[in-house]
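This report concerns only the one structure given below.
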Amino acid sequence: MISFGEGRKISTVVISTACGYDGRGIFPYTTHRDYGDMIRTANVTGTTRISKSMTRYERSGNFHLLRPWTWKYIQSLGDDGMLNAYGLTNKGVEKHSREIIQAVADGVQLIPNFFPEFGQGKEQAKADVFDVIANYRWRMDDKFWALELNFSCPNTKECIADNVENAVWLVKQVKRYFPKLIIIAKISLVHPLEFARQLRGAGANILHAVNTIPYNLLFPDKVSPLHKVGGGGVSGGPAFEMAFEYNSRVIEYFDGPVILGCGIVDDEKLGRYTNLLNCNRSSKSWAISLCTAALRRPEWVKRVIQNFN
């Protein structure tokens, strides 16, 4: 568990993005009994959920639920894996923030996630983030205490490997003007390890590693079925080993609380993370992040959060 006092805490096991924007679930998964049971268990256990990533304004990516011809941009893989080129389709902060605010008011332990669009320039990205923070502070007051900044989405036009300097600069700006706001910095396996140290130096309170792994990085000798839209990102079991190897190193670069995950879909993989964190970070707080498992194996995730949270 990660705690900052005054009721500001993150559960030992976190569900990231797989419960939608408001933490109450994603349609059509919400029509499945096991998934619904998992959501209800998350509510009872006070499990922290991190929202799906959103942008300042509405963004039309590749996948759209009401356009069946776009469903191909989310595909199942073996070993409880998924390949997606979702493309950050979302309705923008104005809409999704209302959903988040209502969910938090109803007792859902939910942290918003925001994707800064550096492709529009870093000053615009800063203005967008400041607008978002002002929106949440005005509507939620002290119930808004943490924000995840997503520097890691592989399904955008921005080159995430090149956003290191801008991300560090942005975190500094946010912490300068909002020093009490807990900032979670979510990074990608394509980022250099030193990036974690730079984020900490800029003021990031928590490191979240890692997001999905680009298909072309995980399978360099194969052509992605989604190669026409950049290849997509792989999550779930197939991504575990590469993510675990990176995460086991990146924690040495961040002297603060961490949330680690990507590819944890069974007890063996979960155990490897708990062993890693208990051995290497016994004096520091941590959490484990589950994502694809919540969609592919919700009955297992339900049991995990019952045991850990």
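Numbering (this note's numbering), first residue to last: 47 to 355. Don't be surprised by glycine CBs; every beta carbon is placed ideally from N, CA and C. Since we're looking at a predicted model, the values are computed, not measured.
Coarse secondary structure for residue i, derived from DSSP in three states
{"i": "R95", "result": "strand"}
{"i": "E345", "result": "helix"}
{"i": "V210", "result": "helix"}
{"i": "N201", "result": "For N201, the pLDDT reaches just 48, beneath the cut-off of 50, and the residue's location in the model is therefore unreliable, leaving the point undetermined."}
{"i": "N136", "result": "strand"}
{"i": "G107", "result": "coil"}
{"i": "A250", "result": "coil"}
{"i": "L156", "result": "strand"}
{"i": "I228", "result": "strand"}
Segment limits, alpha helix (DSSP H) that includes residue i
{"i": "V175", "result": "K168 to M186"}
{"i": "L316", "result": "D313 to N326"}
{"i": "V150", "result": "V139 to A151"}
Distance, residue j Cα to residue i Cα
{"i": "V60", "j": "L272", "result": "29 Å"}
{"i": "N201", "j": "V275", "result": "Legend: pLDDT at N201 = 48, less than 50; position of this residue unreliable, no value from coordinates given."}
{"i": "T87", "j": "L129", "result": "27 Å"}
{"i": "E52", "j": "K141", "result": "29 Å"}
{"i": "T101", "j": "I157", "result": "15 Å"}
{"i": "I297", "j": "F164", "result": "26 Å"}
{"i": "F290", "j": "G307", "result": "8 Å"}
{"i": "A248", "j": "G282", "result": "31 Å"}
{"i": "V364", "j": "F176", "result": "Only positions 47 to 355 of the chain appear in the structure, and residue 364 is not among them; the question remains open."}
{"i": "A347", "j": "L263", "result": "Note that residue 347 corresponds to Val in the displayed sequence, not to Ala. Distance between the alpha carbons of V347 and L263 is about 27 Å."}
{"i": "I305", "j": "A64", "result": "16 Å"}
{"i": "P114", "j": "E287", "result": "33 Å"}
{"i": "P284", "j": "D125", "result": "6 Å"}
{"i": "V210", "j": "K168", "result": "12 Å"}
Bridge partner(s) assigned by DSSP for residue i
{"i": "V60", "result": "S335"}
{"i": "L123", "result": "G127"}
{"i": "P260", "result": "G279"}
{"i": "A285", "result": "For A285, which the question treats as bridged, DSSP gives no partner whatsoever."}
{"i": "S49", "result": "K55"}
{"i": "A255", "result": "I233 and L306"}
{"i": "M100", "result": "F160"}
Residue i: CB within 7 Å of a non-hydrogen atom of the ligand ATP
{"i": "G302", "result": "For the ligand ATP, the structure offers nothing, since it holds no ligand at all."}
Residue range of the unbroken beta strand (DSSP E) whose run includes residue i
{"i": "E194", "result": "A192 to N196"}
{"i": "F161", "result": "No beta strand (DSSP E) holds F161; DSSP gives it neither H nor E."}
{"i": "G307", "result": "V304 to G307"}
Check: With a cut-off of 8 Å, do at least 3 Cβ pairs link the stretch 101-115 to the stretch 223-243?
Finding: no
Margin query: Tell me whether the stretch 78-85 and the stretch 114-134 touch, counting them as touching only if at least three CB pairs, one residue from each stretch, are closer than 8 Å.
Written below: They do not touch, by the three-pair rule.
Check: Do the stretch 178-194 and the stretch 208-219 meet, that is, are 3 or more Cβ pairs less than 8 Å apart?
Finding: no
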